[in-house]
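Comments concern the structure below.
Residue numbers (this note's numbering): 24 to 239.
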């Protein structure tokens, strides 16, 4: 079975930043300023922000941004700090597959729609499976590129749980490519990040890929 075409292993000695971005940075615009910016964009696009159908659009867009980018308000490490050690000696692979997510690209603010597969080899500690999904959501709910998001998820799990290995595979479609630019629909991107045993042991890596299926 072929392995994912993109494996972000270079520079493994340097850890990607996994710490959360500040929820409110100095000089963060007010809601009124954000809504005014939306009105400006509507006018720049050629429409009239004062017409009936667009009167409430700036408020709706501001609320949508709060939902889309709530990941800036969340520390993913908090989800991973509550662990369990009484696991009856379980030391095999833990895999959570097909975690659906929606994100937005940092270049065009266009949606990224995909799914993530997350696996780790526990070393004494395991974490509730919902927490892995929440970690994915935290990073997805920020402006992203897929490569960075893949590395961030893997690194925060490695840093907090300190397992024997971590693997993250993400498959996604990017609307910045399907709805603008080259306008290529049906194109998917696959990225992977392998740490520890998943990187050094081909048998462990093949076992993971057989479990999640061939990413497409």
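Cβ atoms here follow ideal geometry from the backbone N, Cα and C, with glycine treated the same way. Quick caveat, the model's predicted, so the values are computed rather than measured.
Simplified DSSP assignment, three categories, for residue i
i	result
residue 218	strand
residue 325	Given that the chain is displayed from residue 24 to residue 239, the structure contains no residue 325 and the question cannot be resolved.
residue 92	coil
residue 111	coil
residue 147	coil
residue 240	Only positions 24 to 239 of the chain appear in the structure, and residue 240 is not among them; the question remains open.
residue 52	coil
residue 105	coil
residue 81	helix
residue 160	helix
residue 132	coil
residue 138	strand
residue 76	helix
Nonlocal neighbours in the same chain, by C-beta distance under 7 angstroms from residue i, ignoring five residues either side
i	result
residue 134	125, 127 and 198
residue 185	146
residue 162	94, 99, 172, 175 and 176
Residues near residue i by beta carbon distance below 6 angstroms, same chain, minus five either side
i	result
residue 84	61
residue 19	The shown model of the chain, from 24 to 239, leaves out residue 19, and the question about it has no answer.
residue 194	137, 138, 211, 213 and 238
residue 72	62, 65 and 66
residue 141	119, 155 and 191
residue 107	149
Cβ neighbour criterion (16 or more within 10 Å) applied to residue i
i	result
residue 219	buried
residue 152	exposed
residue 216	buried
residue 66	exposed
residue 160	buried
residue 25	The predicted model places residue 25 with a pLDDT of 42, which falls under 50 and marks its position as unreliable, so this point remains unresolved.
residue 231	buried
residue 97	buried
residue 87	exposed
residue 179	buried
residue 1	What the structure shows of the chain is the stretch from 24 to 239, and residue 1 is not part of that stretch, so it cannot be assessed.
residue 165	buried
residue 265	Outside the displayed range of the chain (24 to 239) lies residue 265, so it cannot be described from this structure.
C-beta neighbour in chain C for residue i, strict 8 angstroms
i	result
residue 140	In the displayed structure, chain C is absent; only one protein chain is listed.
Same chain, Cβ closer than 8 angstroms to residue i, five either side skipped, listed in chain order
i	result
residue 131	199 and 203
residue 207	200 and 201
residue 103	150, 154, 158, 179, 180, 183 and 184
Original post:
Would you say the segment 90–100 touches the segment 199–209, given that touching needs at least three Cβ pairs under 8 angstroms?
Top reply: no
**OP:** For the segment 227–237 and the segment 111–119, state whether three or more C-beta atom pairs, one from each stretch, are separated by less than 8 angstroms.
**Re:** yes
**OP:** May I have a chain-ordered list of the beta strand (DSSP E) segments no shorter than 3 residues that lie completely inside the segment 178–223?
**Re:** 188–197 and 212–219
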